Structure formats: structure tokens, C-alpha cells
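Peer 1: Numbering (this note's numbering), first residue to last: 13 to 253.
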């Protein structure tokens, strides 16, 4: 029960901060949050600790719990990504994630063709073929599961631990696009083919072809989603002195 209350408190406050219901600079008191959320002080304390670790709030003695601006948030945290995808800033979040993936995944595909273990190469081919079957059958949930698996294998297969640690962010992106109706029930045949092309290029160690297929996937993805972020402002992080 305590764990459930703790999760609900984090979700409630995190969502309200990211959507702007609780704007930057807003100050909250622990006792007020206890009354509002109907939870204990220990639950509030733990929820605030988590939100503080994400950069969403800071606590100050004799002041309270202050909401921080977006420039302070941890943009790589899957929870922050999920909250932003559910907010009016969805387009901006999709743009940032798409640009990140477009920079990383082609490089990961090239590295995977050079470095991935044999078993991972074979699994990548199997998953790409299963994606085609699920996509053609309109199995949305199954396709999402396979899509997440494919791109996680790709990042892992690069042999770059920093790339591999983007798995959670990519999973939230793919899940968010599906949950919010931004993925077709039947994926485009070209995209399915490019996934197979990439997997097969990685399996045979063809780094240039693997990178090219990944680049095609990301360019199409960005083209498909561009309308969602046309009017969305960018977040500029101040350079610290």
C-alpha cells in the first residue's frame, strides 16, 4: 500500500509539474500536500526526493518545495519523457527524441555490424521478420513489443554502454507514439523492409549498409512526425559559467 501511495504521489505531482499546472517557481508545503493527496508525511518526503532527483523540484528550509523550470529537468529519465508525451509539449518531446535517435541509431547500427555477438545478430534478424508479420497482421501491441526489442538489441549490439543506456528512452518514445495514436495499425512496407535490411546488414557485418538502413528509418520517422512539433518551442539550456 505504501509503495502504491508513493507511486501515485509521484505520478500526481510529476504530471502536474510537467503539464504546467504547477508552474516553475510555485512553492508547495509538505503539510499542504499531505492534506491534498491524503497521504502521510513519509510518502510525501519520498515522492519529493524522487522528483528532486529528476530536477523537477528543490527543497529549501523555511521556504518549502519549489517547482523548477524545464531547463533543470532530467530529459533522459523515462518518467519525465512519459509525462512530457502526455502533455501539451508532446511535439517538442517527440522532436528531441527523434533528433537524438537520428544522431545515435545509425552510428549504433554501424557499430553493431562491426561488434555485435553472433547470437544478437541472429536475434535481430528474427525480430525484424516477426515485426513484418505483426505489422502486416495489424497486431499493434505485438508490433510495439517487437519494435522495442529490435531497437534495444540495436543499441546493445553497438558495444557502446552509453548508447545501450538509451534503451529506456527509446522504449518510452515508441510506447508513447502508440499510446497517443501516432503509429499506424499497419506500418509502411518500406519501413518494415528497412528494419530487415538493417538486421541482415548487421548479421553479415556490412557496416555501411546497416547505417544507411537505420538512417532511412529515422528520416522517415522524422518526416512522419514533423507536423506534431511545427509550432512547439525548443528548450535552451543555459551554459553554466
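Idealized CB from N, CA, C, for every residue including glycine. Given the structure is predicted, the values throughout are model-derived calculations rather than measurements.
With DSSP collapsed to three states, give me the class of residue 249.
Peer 2: To locate residue 249, count along the chain shown from 1; it is residue 237. Correct three-state label for residue 249: coil.
Peer 1: Could you give the C-beta distance for residue 160 and residue 183, rounded to a whole number, given that I count them as a contact under 8 Å?
Peer 2: Sequence index remark: in the chain shown, residue 160 carries index 148 (1-based). Sequence index remark: in the chain shown, residue 183 carries index 171 (1-based). The Cβ separation is near 5 Å, so the contact holds.
Peer 1: Taking C-alpha atoms, which residue in 34, 173, 108 and 144 lies nearest to residue 209?
Peer 2: Residue numbering aside, residue 209 sits at position 197 when the chain shown is read from its first letter. Nearest of 34, 173, 108 and 144 to residue 209, Cα basis: 144.
Peer 1: For a test of the three-state rule: what should DSSP assign to residue 169, helix, strand or coil?
Peer 2: Counting from 1 along the chain shown, the entry for residue 169 is found at position 157. Helix at residue 169.
Peer 1: Determine whether the beta carbon atoms of residue 68 and residue 22 lie at a separation below 7 Å.
Peer 2: In the chain shown, residue 68 corresponds to position 56, counting from 1. In the chain shown, residue 22 corresponds to position 10, counting from 1. No.
Peer 1: Starting from residue 60, trace the alpha helix (DSSP H) both ways and give me its first and last residue.
Peer 2: By 1-based counting over the chain shown, the position of residue 60 is 48. Going by DSSP, residue 60 is part of the alpha helix (DSSP H) stretching over 53-65.
Peer 1: Can you find the residues in the same chain that come closer than 7 Å, C-beta to C-beta, to residue 94, ignoring five residues on each side of it along the sequence?
Peer 2: The sequence position of residue 94 within the chain shown is 82, counting from 1. Result list for residue 94: 184 and 188, in chain order.
Peer 1: Between residue 226 and residue 121, how many whole angstroms is the CB-CB distance? I'm expecting something under 8 Å.
Peer 2: Within the chain shown, numbered from 1, the residue matching residue 226 stands at position 214. Within the chain shown, numbered from 1, the residue matching residue 121 stands at position 109. Contact flag correct, Cβ pair sits at about 4 Å.
Peer 1: Just list the alpha helix (DSSP H) runs in the stretch 70-141, keeping only unbroken ones of 4 residues or longer that don't cross its boundaries, in chain order.
Peer 2: 90-97 and 102-127
Peer 1: Where are the beta strand (DSSP E) runs, 3 residues long or more, that stay fully inside the stretch 172-252, in chain order?
Peer 2: The stretch 172-252 is shown to contain no whole beta strand (DSSP E) run of 3 or more residues.
Peer 1: Just mark residue 72 as buried or exposed, buried being the case when its beta carbon has 16 or more other beta carbons within 10 Å.
Peer 2: Numbered from 1 along the chain shown, position 60 holds the residue referred to as residue 72. It is exposed - the Cβ of residue 72 has fewer than 16 other Cβ atoms within 10 Å.
Peer 1: Can you look up residue 13 in the DSSP assignment and give me helix, strand or coil?
Peer 2: Taking the first residue of the chain shown as position 1, residue 13 is located at position 1. With a pLDDT of 48 at residue 13, under the threshold of 50, the modelled position of this residue cannot be trusted; read the value that follows with caution. Coil at residue 13, not helix or strand.
Peer 1: Report back the beta-carbon spacing between residue 190 and residue 156 to the nearest angstrom; my notes put them in contact at under 8 Å.
Peer 2: By 1-based counting over the chain shown, the position of residue 190 is 178. By 1-based counting over the chain shown, the position of residue 156 is 144. Yes, they are in contact, since the Cβ atoms of residue 190 and residue 156 sit about 5 Å apart, within 8 Å.
Peer 1: Taking the alpha-carbon of residue 243 as reference, which of 127, 162 and 106 has the nearest alpha-carbon?
Peer 2: The residue you call residue 243 lines up with position 231 of the chain shown. It is 106 whose Cα lies nearest to the Cα of residue 243.
Peer 1: What does DSSP give as the partner residue(s) for residue 40 in the beta ladder?
Peer 2: Locating residue 40 in the chain shown gives position 28, where the first residue counts as 1. Partner(s): 77.
Peer 1: CA-CA distance, residue 142 and residue 101?
Peer 2: Mapped onto the chain shown, residue 142 falls at position 130. Mapped onto the chain shown, residue 101 falls at position 89. In a straight line, the C-alpha of residue 142 is about 33 Å away from that of residue 101.
Peer 1: Around the C-beta of residue 248, are 16 or more other C-beta atoms found within 10 angstroms, so that it is buried, or is it exposed?
Peer 2: Here residue 248 refers to the residue found at position 236 when the chain shown is read from its first residue. Result: exposed.
Peer 1: Just to confirm, is the Cβ distance from residue 147 to residue 81 under 7 Å?
Peer 2: For the purposes of this step, residue 147 is taken as residue 135 along the chain shown, with counting starting at 1. For the purposes of this step, residue 81 is taken as residue 69 along the chain shown, with counting starting at 1. No. Outside cutoff.
Peer 1: Tell me the DSSP secondary structure of residue 26 in three-state form.
Peer 2: As a first step, residue 26 is located in the chain shown; it is residue number 14 there, counting from the start. If DSSP states are grouped into helix, strand and coil, residue 26 belongs with the helices.
Peer 1: Under three-state DSSP, which class holds residue 150?
Peer 2: Start at 1 with the first residue of the chain shown, and residue 150 comes out as number 138. If DSSP states are grouped into helix, strand and coil, residue 150 belongs with coil.
Peer 1: Taking Cβ to Cβ, would you say residue 220 is nearer than 7 Å to residue 126?
Peer 2: Counting from one through the chain shown, the residue named residue 220 turns up at place 208. Counting from one through the chain shown, the residue named residue 126 turns up at place 114. Result no, Cβ atoms of residue 220 and residue 126 do not sit closer than 7 Å.
Peer 1: Would you identify the three-state DSSP class for residue 68, choosing helix, strand or coil?
Peer 2: As a first step, residue 68 must be located in the chain shown, where it is residue number 56. Three-state result, residue 68: coil.
Peer 1: Where does residue 45 fall in DSSP's three states?
Peer 2: Residue numbering aside, residue 45 sits at position 33 when the chain shown is read from its first letter. If DSSP states are grouped into helix, strand and coil, residue 45 belongs with the helices.
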